[in-house]
Amino acid sequence: MIDPFFAPIPALQAWAEPLCQYLNLKTLPLHIHEVFAAFLLYHSIFEYIAPPISAILFSRYSKLSDESRLRWNMNCVSFVQSVLISYMAIYVIVNDEERWNMNLEERIWGYTGAAGLVQALGTGYFLFDFVIMIRYLKTFGLPMLAHAVSCLVTYTIGFRPVCNYYGCVFLLYELSTPFLNIHWFFDKLGMTGSKAQLYNGFVLLGTFFLARLVWGLFATVYIYTDVWKVISIRNTPEITENNELLKYGYEKAFPDWLIVLYLGGHLTLNTLNVYWFNKMIDAVKKRFSKKPSKVL
Numbered sequence: 001m002i003d004p005f006f007a008p009i010p011a012l013q014a015w016a017e018p019l020c021q022y023l024n025l026k027t028l029p030l031h032i033h034e035v036f037a038a039f040l041l042y043h044s045i046f047e048y049i050a051p052p053i054s055a056i057l058f059s060r061y062s063k064l065s066d067e068s069r070l071r072w073n074m075n076c077v078s079f080v081q082s083v084l085i086s087y088m089a090i091y092v093i094v095n096d097e098e099r100w101n102m103n104l105e106e107r108i109w110g111y112t113g114a115a116g117l118v119q120a121l122g123t124g125y126f127l128f129d130f131v132i133m134i135r136y137l138k139t140f141g142l143p144m145l146a147h148a149v150s151c152l153v154t155y156t157i158g159f160r161p162v163c164n165y166y167g168c169v170f171l172l173y174e175l176s177t178p179f180l181n182i183h184w185f186f187d188k189l190g191m192t193g194s195k196a197q198l199y200n201g202f203v204l205l206g207t208f209f210l211a212r213l214v215w216g217l218f219a220t221v222y223i224y225t226d227v228w229k230v231i232s233i234r235n236t237p238e239i240t241e242n243n244e245l246l247k248y249g250y251e252k253a254f255p256d257w258l259i260v261l262y263l264g265g266h267l268t269l270n271t272l273n274v275y276w277f278n279k280m281i282d283a284v285k286k287r288f289s290k291k292p293s294k295v296l
C-alpha cells in the first residue's frame, strides 16, 4: 500500500539524505517531511493552540499552577495524537494487503509506504515528546523520559527498515491513552469521584489492560519469535531484487547491537506498562474511596 500522504519535499529529502545514509536509515528520507509535519503539529498544539482554547472553554485552566498547565497542554497533545495514530494504525492494518501477506523475512525487513507513514507520525510525536521531557524533566520525571527515549529509538531504527510491519502493531498501545487524558481532565475540572470519571476509569483500565498488557504481550512474543527465527538466516545471500517489499531491506542486516537495542526498548516499554497499570489502579481506588485524597 502506497503512502497516502503528499510526496516528499525534494529539498528536505536531499538535506536528510547524507545523515540517513550514514545511520543506515534507508527509508527515512521518504518520510522525513511527515516526521517534521507531525512534530510541528504537536508542538503547535502544545505551545499555541491548547493554551488559548483551554482558557476560553474552561475557566479553571487559568487558575491552574504553571506545572498543571504544562500537564494540561501535554494531555491535549496526547489526546489528539493517540486518536490520530490509533485511527491510522488500524486503517493500515485493515487495508494494507501487502502487509497482510508478509512472510517472515518481509515482517522483519520489508517495507510498505503506508506503514512507513504511520511509523513517521509516531516518530514525529516521540521526537516532540522527547524534547518536552528534556525541557521539563523536573515536571514529568525520569520514567516519562525513559518512555520517550525508548519509543523514539525504536521507531527511528525502524527506518533501516527493520520491523516496519510491527510499527502499526505496537502503536495500538495508544488506544487506552484518550481515556487516560479524559481521566486527568476530570480531576482538573473538579469532577474527581464523579460517575463520569468512574465510568471512564473502568474503560481506561479495560482498554489499558487489553491494549498494552494483553495485546502488548502477544505482539512482543510474536516479534521476539520472528527475531529469533531470522537470527539464523540474517547472513544468507542477498534477497532477490524483484521482491518489491524487500527492496530497501536487501542486505538483511540485523546486527547484535540492533537486536539488543530494539528488543531492549520493547522490554522497557512492557515493564513501564505494568508499572503504570498498577499506578492507575491505585489512582482509581483513591478517587472513589469514602475520603478521597486531594489530587495534586
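So for the sequence shown, full-length UniProt numbering puts the first residue at 1; every next one is plus one.
From the three backbone atoms N, C-alpha and C, an ideal C-beta is built for every residue, glycine too.
Treat the numbers as computed from the prediction; the structure is a model and nothing was measured.
Using the rule of at least 16 other Cβ atoms within 10 Å of the residue's Cβ for burial, across every protein chain shown, is GLY134 buried or exposed? In the sequence as displayed, the identity of residue 134 is Ile instead of Gly. With fewer than 16 other Cβ atoms within 10 Å, it is exposed.
Neighbourhood of PHE5 by C-beta distance below 6 Å, restricted to the same chain and skipping five residues each side: GLU34 and LEU117
Cβ distance (whole Å) where GLY110 is taken to contact TYR165 below 8 Å: 6 Å
Find out if the Cβ-Cβ distance for the pair ALA114, VAL77 is shorter than 9 Å. no
Proximity below 9 Å, CB of THR177 to CB of PHE58: The Cβ atoms of THR177 and PHE58 do not sit closer than 9 Å to each other.
N-terminal and C-terminal residue of the alpha helix (DSSP H) that PRO18 is part of: 10-22
Nearest-angstrom beta carbon gap, THR123 and LEU152 [assumed within contact, 8 Å]: Indeed they touch by this definition, with Cβ atoms about 7 Å apart.
With distance defined between alpha-carbon atoms, name the residue in ILE32, GLY193, ALA7 and PHE159 nearest to LYS286. Residue GLY193 is the option with its Cα nearest to LYS286.
Quick one: complete beta strand (DSSP E) runs, 3+ long, within the stretch 119-192? none
On the CB-based measure, 16 or more other CB atoms within 10 Å of its CB, does LYS63 come out buried or exposed? exposed
Return the CA-CA distance between ILE157 and LEU41, expressed in angstroms with no decimal places. 22 Å
Distance check for SER68 and LYS138, CA to CA, integer angstroms please. 13 Å
Roughly how many whole angstroms lie between the Cα atoms of LEU145 and TYR61? 25 Å
LYS229 lies in the alpha helix (DSSP H); which residues open and close that run? 215-231
So LEU245 and THR112 are supposed to be a Cβ contact under 8 Å. How far apart are they, rounded? 7 Å
Take the Cβ of ASN278 as the centre, count every other Cβ of all protein chains shown within 10 Å, and call the residue buried at 16 or more, exposed below. exposed
I need the boundaries of the alpha helix (DSSP H) containing ARG99, first residue and last residue. 97-100
Nearest residue (CA-CA) to LEU210, options GLU98, ASN75, ASN273 and PHE36: ASN273
Excluding the 5 residues flanking MET102 on each side, which residues of the same chain have their C-beta closer than 6 Å to its C-beta? When the five nearest sequence neighbours on each side are left out, the beta carbons in the same chain lying within less than 6 Å of the beta carbon of MET102 are those of GLY110 and TYR165, in order along the chain.
I'd like the list of long-range same chain contacts for ASP129, defined as Cβ closer than 6 Å, with 5 residues on each side in sequence excluded. ALA148
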